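Inspection log for the structure reproduced underneath, given as structure tokens.
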Amino acid sequence: MNMTKLTNSALFLFLILIGLNTNTFAQTGNSAFEPGQVWKDDKGVHINAHGGGILYHKGTYYWFGEHKVIGRIGNTAQVGVHTYSSKDLYNWKDEGVALKVSEDANSDIVKGSVIERPKVVYNAKTKKFVMWFHLELKGQGYKAARAGVATSDQITGPYTFIKSYRPNAAQLPFYTADVKESEKVNCEQPANTYDGYFCRDLPGGQMARDMTVFVDDDGKAYHVFAAEENFTLNIAELSSDYASHTGKFIRMQVGFQTEAPALFKRNGKYYMVGSGCTGWDPNPARWFVSDSIWGKWQYKGNPCIGEGSNLTYGGQSTHVLPIQGKKDAFIFMADKWKPENPIDGRYLWLPITFKGDDMEISWRDKWDLSIFKK
Ligand code: DGJ
């Protein structure tokens, strides 16, 4: 072999090695958000993390969401929970499947079950990452209405499934001092349909469907979920390891049918954005505010303005992301579902603007983080 041939072969080998590192050759080069468009990861594939949430950890954002597949079957869990990482929020690296569905027919998370709205939080005491999700048992539609939990020592997984259950069995709600006796649930004589559902589910635990998890500044974590046949949201305290419920919870917006909750904190106030309850179809978003996690939560109407605002621009909330290092910078994250072909579901990320303590969301075709002040 002469020198030129040798150099060429070495160069060829070098290029192959670099090419194997997908990150090197498949730069996505995004520098803006384009809500509703195909959003490619570092492999050139549309991001597959629906109903997702984002955890910021040690300088990197990690996006966790439902891995959907082609066709109607894609609304059930065929793969698991997918995760991606990013430093700039525009360009996402595929980090693989964080929680895999099980092949064991006896597992709660067997392939074909329903795993929705996964959210991951980090427990600084146990140094574990804790993933909560809405779980429906295979073949039972949306009847099981359970909360599922999985943990991992590494942020990207693999996560180990721990258990699924209906939270707060045999526990009555916590009421702040200002709640009148007449407003409290009375299981001797339930006052309305949703109180009836609450009392029906008291022995076995409350239904837990659409959900999010929120960690407060003091390290306490809360699980927010749609209970009582989706009539009422519960805000429930999690144990110090974040892996179970303590039994302390409130019923929030009783009978108002709020789904898709996303919780965040700004200037010491708690904000929640959610949706109405219309299956995969969009409806107007709604927001609430409170001085305490335990209420009283105040309903503030639809945060969206302008054209398309009456249907949340075709989307449904899933998470509100605080931008690190910037004040008053929050991204409203929503899903534009495609129930006929869920893998093609799109992401609507829009900036939240504040007028005093009030929040607003408006449509943008394309935008970037420079719109937020320092
Ligand atoms: C609306 C919920 O927000 C989604 O997560 C999903 O459960 C659909 N309903 C199912 O119809």
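For the sequence shown, the positions run -26 to -1, 1 to 348 when mature numbering (1 follows the signal peptide of the UniProt record, and there is no 0) is used.
For glycine and all other residues, C-beta sits at the position ideal for the given N, C-alpha and C.
This one's a predicted model, so the numbers in the text were calculated from it and none came from an experiment.
Closer than 7 Å: residue i CB and nearest the ligand DGJ heavy atom
i	result
Ala308	no
Glu69	no
Gln52	no
Arg91	yes
Gln231	no
Gln227	no
Gly25	yes
Asp184	yes
Ala98	no
Trp106	no
Gly319	no
Gly179	no
Gln290	yes
residue 393	There is simply no residue 393 to check, as the chain begins at -26 and stops at 348 in what is shown.
Trp37	no
Ala234	yes
Trp254	yes
Closest residue to residue i among the options (Cα-Cα distance)
i	options	result
Lys312	Leu212, Arg320, Asn284	Arg320
Asp318	Asn4, Gly10, Thr252	Gly10
Asn241	Gly193, Gly330, Gly179	Gly330
Gln128	Lys42, Thr2, Thr57	Thr57
Pro258	Trp268, Thr232, Ser264, Phe223	Thr232
Leu111	Gln290, Ile83, Lys137	Ile83
His219	Asn208, Gln227, Met226, Gly229	Asn208
Gln180	Phe188, Val187, Asp190, Tyr168	Tyr168
Leu295	Asn284, Gly280, Ile326, Lys274	Ile326
Gly86	Lys93, Tyr116, Lys67, Glu69	Tyr116
Lys194	Asn80, Glu334, Gly178, Ala217	Ala217
Lys270	Gly131, Gln52, Gly33, Gln227	Gln227
Tyr36	Ile44, Gly70, Ile47	Gly70
Helix, strand or coil at residue i [DSSP, three-state]
i	result
Asn204	helix
Phe223	strand
Asn97	strand
Tyr216	coil
Arg46	helix
Thr125	strand
Leu176	coil
Tyr36	strand
Ile345	helix
Gly269	coil
Gly288	helix
Tyr133	coil
Ala10	Checking the sequence, you will find Gly at residue 10 rather than Ala. Three-state result, Gly10: coil.
Nonlocal neighbours in the same chain, by C-beta distance under 7 Å from residue i, ignoring five residues either side
i	result
Tyr133	Ala72, Leu73, Met105, Ala124, Thr125, Ser126
Ala182	His108, Ala119, Arg120, Ala121, Arg140, Pro141, Phe199, Ala201
Leu176	Ala144, Cys161
Ala(-1)	A caution first: Ala(-1) carries a pLDDT of 44, below 50, which makes its placement in the model unreliable, though a value can still be read off. Taken in chain order, the residues that qualify are Asp16, Lys17, Gly18.
Thr(-5)	Because the pLDDT of Thr(-5) is 42, which lies under 50, any placement of that residue in the model is unreliable, and the number read from its coordinates should be weighed accordingly. Counting only Cβ-Cβ distances below 7 Å, and skipping sequence neighbours, we find Asp16, Lys17.
Asn276	Pro258, Ala259, Arg260, Ser283
Cβ-based neighbour list, residue i, same chain, cut-off 8 Å, excluding 5 preceding and 5 following
i	result
Asp215	Asn97, Lys99, Thr100, Lys102, Val104
Gly288	Gly10, Pro256, Gly282, Lys310, Leu322
Tyr64	Thr2, Asn4, Ser5, Ala6, Phe7, Asp342
Lys154	none
His20	Val12, Trp13, Lys14, Ile317, Asp318
Closer than 7 Å: residue i CB and nearest the ligand COA heavy atom
i	result
Gln114	Absence of the ligand COA from the depicted structure is noted, with the ligand DGJ being the only ligands included.
DSSP beta-bridge partners of residue i
i	result
Pro296	Phe304
Lys239	Tyr244
Val187	His197
Val71	His56
Asp309	Gln290, Tyr321
CB contact check: residue i to chain B, cutoff 8 Å
i	result
Glu162	Going by chain labels, chain B is absent from the structure shown, which holds only one protein chain.
Residues near residue i in its chain [Cβ-Cβ closer than 6 Å; skip 5 each side]
i	result
Glu203	Tyr171
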